[in-house]
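Here's the structure we're looking at; comments come further down.
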DNA sequence: CTCGAACCTTGACCCGAGGTCAATGTCAAG
DNA sequence: CTTGACATTGACCTCGGGTCAAGGTTCGAG
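Residue numbers (our numbering), protein chains in the order written: chain Z, 12 to 264; chain Y, 12 to 264.
Structure below.
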């Protein structure tokens, strides 16, 4: 006939936990002695260790209660279920560990793997740290608002990176971020960009449909807080040129 | 500029969690639009994924808050600490899995390994299921009240099992459980038990000090609910004999 | 015999990390 | 104009206990 403290120590749980199990109806309340102390037997110790083992495995107390009342067959089935569960948690834990490991090693964690690869490629091509960050923020924003559109645009942009002229334009736009708004090079750059789009065959689209358009990503980027006078000017020139082209088209039509 | 729902979906958390992080000061409150909706940027998404990753690793939110404010060095140190922690949890999980596996396979779980081995040995010697259970309960009770005494007695009893006469006596006592109280074999059995203890050299001790005395374990066992008229009678005879022996000693002294 | 330490009793409140519900407001599309 | 999806706040619920308060009990030493 042992006391609650001895029982708890034997099973490796706290006294409070034992009383909690009583309240939940998990562990039978033992008889009291003359002073009102609970007096336990070995059977209680066995039941308690069983409860503790299941509880440590993350089984909710309510479920443990059911299991203790179940027959051997049901119990065995539940055990193997719990074990599968535990195994799953082990795998999940390994995945978490991998992600945690990447946490201290940069920003690859925060975007889908393929985007991370793409960003690495940009860095290798010589894009500035700031440019890469703008891209990253753009893709995050885009894929949270419309994941499907993001996937399509992304595939298109990835393809464009195989075109040396596009890469050259991209790098120059990246540098242009720091130019002043009246830099004479901006006009030429805007022209080359326009010609590239026309040459690619989708320069005619209105602006919302087209695919690999760096200005779209940049547009998104501005809403994340990045902007530069030179880029604003670049966009301005592009709009004017497009207006002229549209007008010319109308004239010729 | 995304809404709370889009942000939550991107990071893979619930809206409620995002607001919870705001309340805890973990994630900066973004500006509101004209209708009072929170409007997030990509920076928020990055911060949120970071928070989520740490939270999934079991890091308390208060600790995450500290980490986000810490410098890169402290952060990296904390990460490796967390990773070690995670690894430890993995090991613990494997241990739990092993114990869970044993749960459906009997009672080895509920007593220390060496006692489990001892109980198996009893079973092999032909001790009844009931007898083994009485022993198990006895050791549980004993090791919860006085673990040290239990260890000493246990070592002694294990040694006694190497004596064929002790084993024979044990088996006969085990069978005697079901005899009636006036069975004539009880007297002879009591005599053999007494002679064994005397021959072993500790028959002179008072009864509280001695070591491998099955009647002690049985005595404990009675307090767990097991008892039989034959065993009660056996104890009665033993007491009478001991009384006579003591008296004789006194006379000769 | 008394003292203190260690043990036991009940009850009430507290914790993290959100979930749920209610009442209300707002947005976008048919 | 309505409908359904989404947003806002606040209050209360959950689980598995921990902590505190305000006592009563037991045990061993002096």
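All C-beta atoms, glycine included, are put in the ideal place defined by N, C-alpha and C.
Check: Between the CA atoms of residue 129 of chain Z and residue 187 of chain Z - distance to the nearest angstrom; Outcome: 21 Å
Check: Cβ of residue 76 of chain Z within 8 Å of any chain Y Cβ; Outcome: no
Check: Distance, residue 86 of chain Y Cα to residue 155 of chain Y Cα; Outcome: 45 Å
Check: Interface flag, residue 25 of chain Y vs chain Z, CB-CB below 8 Å; Outcome: no
Check: Partner residues on chain Y for residue 148 of chain Z, Cβ-Cβ distance less than 9 Å; Outcome: 52, 53, 54, 56 and 57
Check: Residue range of the unbroken alpha helix (DSSP H) whose run includes residue 96 of chain Z; Outcome: 83-114
Check: Euclidean distance between Cα positions of residue 56 of chain Z and residue 100 of chain Y; Outcome: 26 Å
Check: Within chain Z, partners of residue 156 of chain Y - CB distance below 7 Å; Outcome: 13 and 17
Check: Integer Cβ distance of residue 120 of chain Z from residue 64 of chain Y, believed to fall under 8 Å; Outcome: 7 Å
Check: Proximal residues of chain Y, C-beta to C-beta of residue 44 of chain Z below 8 Å; Outcome: None at all; the shortest Cβ gap to chain Y is about 13 Å.
Check: Nearest-angstrom Cα separation, counted from residue 150 of chain Y out to residue 239 of chain Y; Outcome: 19 Å
Check: Residue 188 of chain Y: contacting residues in chain Z (beta-carbon distance under 7 Å); Outcome: Correct list: empty, because the minimum Cβ distance to chain Z is about 17 Å.
Check: Chain-ordered residues of the region 90-102 of chain Y with a beta carbon less than 9 Å from chain Z; Outcome: 90, 91, 93, 94, 97, 98, 100 and 101
Check: Cα-Cα separation, residue 89 of chain Y to residue 60 of chain Y; Outcome: 17 Å
Check: Cβ-based neighbour list, residue 248 of chain Y, same chain, cut-off 8 Å, excluding 5 preceding and 5 following; Outcome: 197, 198 and 201
Check: Of the residues Y/171, Y/184, Y/210 and Y/162, the one placed nearest residue 242 of chain Y, counting alpha carbons only; Outcome: Y/184
Check: Sheet register partners of residue 43 of chain Y (DSSP bridge); Outcome: Y/49
Check: Three-state secondary structure assigned by DSSP to residue 249 of chain Y; Outcome: helix
Check: Under 8 Å from the C-beta of residue 183 of chain Y: neighbouring residues of chain Z; Outcome: Ordered by position in chain Z, no residue passes the 8 Å Cβ test against residue 183 of chain Y, which lies about 24 Å from the chain.
Check: Proximal chain Z residues relative to residue 61 of chain Y, where beta-carbon distance stays under 9 Å; Outcome: 114, 120 and 121
Check: Assigned exposure category for residue 168 of chain Z - 16 Cβ within 10 Å defines buried; Outcome: buried
Check: Own chain partners of residue 110 of chain Z with C-beta closer than 7 Å, once the 5 adjacent residues on each side are dropped; Outcome: 120
Check: Short Cβ contact (8 Å threshold) for residue 136 of chain Y with residue 75 of chain Y; Outcome: no
Check: Stretch pair the region 27-36 of chain Y + the region 156-166 of chain Z: three plus CB contacts closer than 8 Å; Outcome: no
Check: Check: residue 109 of chain Z C-beta below 7 Å from any heavy atom of the ligand COA; Outcome: For the ligand COA, the structure offers nothing, since it holds no ligand at all.
Check: Exposure of residue 181 of chain Z, with buried meaning 16 or more beta-carbon neighbours within 10 Å; Outcome: buried
Check: Cutoff 7 Å; reference residue 68 of chain Z; Cβ partners in own chain excluding five residues on either side; Outcome: 93 and 97
Check: Inter-residue Cα distance where the pair is residue 174 of chain Y and residue 134 of chain Y; Outcome: 16 Å
Check: C-alpha distance - residue 17 of chain Z paired with residue 152 of chain Y, whole-angstrom precision; Outcome: 9 Å
Check: Proximal residues of chain Z, C-beta to C-beta of residue 134 of chain Y below 9 Å; Outcome: Per Cβ cutoff of 9 Å: no residues; residue 134 of chain Y is ~17 Å from chain Z at best.
Check: Extent of the continuous alpha helix (DSSP H) to which residue 29 of chain Z belongs; Outcome: 26-34
Check: Rounded separation between residue 147 of chain Y and residue 95 of chain Z - CA only; Outcome: 30 Å
Check: Nearest residue (CA-CA) to residue 83 of chain Z, options Y/73, Y/40 and Y/114; Outcome: Y/114
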